[in-house]
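Everything below concerns the one structure shown next.
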Amino acid sequence: MSDAEMTELVQRSVEEALLGGPRRFTRTQVAEQSGVPEAESRRLWTALGFPANSDEEVDYTQLDITSVTNFRNMKVVAAADIRQQAAAARTIGQGMARLAEWQADLVLAEIKARAAAGDPAIPLDERVRVATESTMASIEQLQSYVWRRHLAAAAARSTDVPGDGSTRTLAVGFADMVGFTRLTRHLHPDELSTLLEAFESTTTSAITDNGGWVIKNVGDEVMFAAETAADAARISLSIQESTMLVGGTPELRVAFAYGEVLQRLGDLYGSVVNIAARLTGVARPGNVLIDDGAAEALDEHPEFAIRHLRSVRVRGFNRLRPHRLRRA
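Numbering-wise, UniProt numbering puts 140 at position 140 of the sequence shown, and it's gapless, one number per residue.
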C-alpha cells in the first residue's frame, strides 16, 4: 500500500472514530430529530467554525444530533437568545479549532506508527482501526483531564462572580517582544518557532507560578490577569527577569493596570485593559509600567519600589500617568 493510500485509510478511520460513525443525516433531519429549527442549527454550526453546506447535503452523524440537543437542553443556553448562543458556540469553536489544527499531524503520525508496529498477520485496515481507537482514547483522556483542571481553577476564581458578562476587579497586563516584526524578516521558520516557544514557555511559567493566568497569546504578545496588583507585580517582574536569562530572546515591554474589567467569554474588556495595552506600548525595553490604580494598590508594599513618571499622551487617553515598578 502506498503512503497516499495509507494516509487516506487513516483519515477515513479517524473521521468515523471522531464523528461516531459515517455521515448519514441532512440538516433537515438533524433539525427534526433534535427539535432545533434549521435556521438556528445553521447559525450555531457556522458559529462553531464549520462551513454551512446545503440543508439537504448528507453531512451529519448521530453525534451531531446528540450534541445540538444537549447544548440546547442546558438551562442557561435555553434561556439565552440565539445571539448569545452563537457567541458561546463561537468561543468554543475557536478554541477547539486552534487545538485541532495543532494536533492533526501529530494524531495522524501516531496512528500510522501504531498501525505499522502492529501484528503483520492482522489486516492493515483492522490495525488502523485499533490504532485509531487507542490514540483517540489517550488524547481524549488527556484533554478531559487538562480541561477539568482549568475549569476547577476558573471556578475557584469565580465563586463570588455572577457569571459571564459580569464585572470584577482584576489586574490585567501585557508583555510583548521588542522589534519582533523586524526579527521575523530575517529568521528562518525553525528559528522563529524556537523564539516563540521560548517566549511562550517563559511568560506562561512566570504568570502561573505567581498566581495569574494567561488570557491569550497573540504572536509576539501575551495578555495575562491576576486577582491582585501584588500578584501582577510579581508576574511582570518575573517575566522581565526570566527573559534576561534566556539567550537569544528579544527584550520585552511589560505593563499592567488594576481596576474593574468586563469578563466575557473568557476574555477581558474595558478601560483597564486599554490602559494596560497603551502603557505596554510606551514602556522602555526591560521596564515594567503600571497605572494609577496599580500604584495606589501597591503603595508602601514592602516588596516593590515605584517611581512616578510624567504623564504621556496615547491613543484614546490625553493624559495617562505611568509609574515604573521595580523590586524594593
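All C-beta atoms, glycine included, are put in the ideal place defined by N, C-alpha and C.
Just so it is clear, the structure is predicted and the values come from calculations on it, not from any experiment.
Within 10 angstroms of the Cβ of TRP102, are there 16 or more other Cβ atoms? Answer buried if so, exposed if not. exposed
So what does TYR269 bridge to, in DSSP terms? Under DSSP, the beta-bridge partners assigned to TYR269 are LEU262.
Please work out which residues of its chain come closer than 8 Å, Cβ to Cβ, to SER205, disregarding the five sequence neighbours upstream and downstream, and give them in chain order. SER242, listed in sequence order.
Which first and last residues belong to the beta strand (DSSP E) in which MET177 is found? DSSP places MET177 inside the beta strand (DSSP E), whose first and last residues are 166 to 177.
Would you mind reading off the limits of the beta strand (DSSP E) that contains LEU325? DSSP places LEU325 inside the beta strand (DSSP E), whose first and last residues are 323 to 327.
Could you check the C-alpha separation between HIS186 and SER236 for me, to the nearest Å? For HIS186 and SER236, the distance between alpha carbons rounds to 29 Å.
Consult DSSP for MET223 and reduce its assignment to one of helix, strand or coil. Shown here, MET223 sits in a strand according to DSSP, grouped into three states.
Report the option in TYR269, GLU251, LEU252 whose CA atom is closest to the CA atom of TYR258. TYR269
Closest to MET177 by CA distance: which of ASP291, LEU252, THR208, TRP147 is it? LEU252
Are the Cβ atoms of VAL14 and LYS112 separated by less than 8 Å? no
Taking all protein chains shown into account, do 16 or more other C-beta atoms lie within 10 angstroms of the C-beta of GLY20, making it buried, or fewer, making it exposed? By the 10 Å Cβ count, GLY20 comes out exposed.
If you check the beta carbons only, do LEU309 and ALA87 fall under 8 Å apart? no
Let me know if residue 333 comes out buried or exposed under the rule of 16 or more other beta-carbons within 10 Å of its beta-carbon. The structure shown does not extend to residue 333, since the chain is modelled only from 1 to 328, so the question has no answer here.
Between MET218 and THR203, which are expected to be in contact by the criterion C-beta below 8 Å, what is the C-beta distance as a whole number of angstroms? The sequence shown places Val at residue 218, not Met. With 8 Å as the limit, VAL218 and THR203 do not qualify as a contact, their Cβ atoms being about 12 Å apart.
ALA115: which of ILE275, THR181, ARG182, MET6 sits nearest, CA to CA? MET6
Nearest-angstrom Cβ-Cβ length linking LEU262 and THR167, presumed shorter than 8 Å: Taking the Cβ atoms as the reference, LEU262 lies roughly 6 Å from THR167, within the contact range of under 8 Å.
From GLN62, GLY49, GLU133, TRP45, residue whose alpha carbon lies closest to that of ASP55: TRP45
Let's test the definition: count the other Cβ atoms within 10 Å of the Cβ of THR280 and tell me whether it reaches 16, buried, or not, exposed. That one is buried.
Under the rule that 16 or more other beta-carbon atoms within 10 Å means buried, what is ARG129, buried or exposed? buried
Where does ASN73 fall in DSSP's three states? helix
Whole-angstrom Cβ separation of VAL68 and ARG24, contact assumed at under 8 Å? Actually they do not touch by this definition, with Cβ atoms about 15 Å apart.
Delimiting residues of the alpha helix (DSSP H) encompassing VAL58: It is not in any alpha helix (DSSP H) - VAL58 carries neither H nor E in the DSSP assignment.
Ordered along the chain, which non-local residues of its own chain (more than five positions away) have a Cβ less than 6 Å from that of ALA175? THR203, VAL222, ILE239, LEU252, VAL254
Figure out for me which residue from THR61, VAL288, VAL36 has the closest Cα to the Cα of ALA17. THR61
For ALA225, which of ALA137, ALA277, THR181 has the nearest alpha-carbon? ALA277
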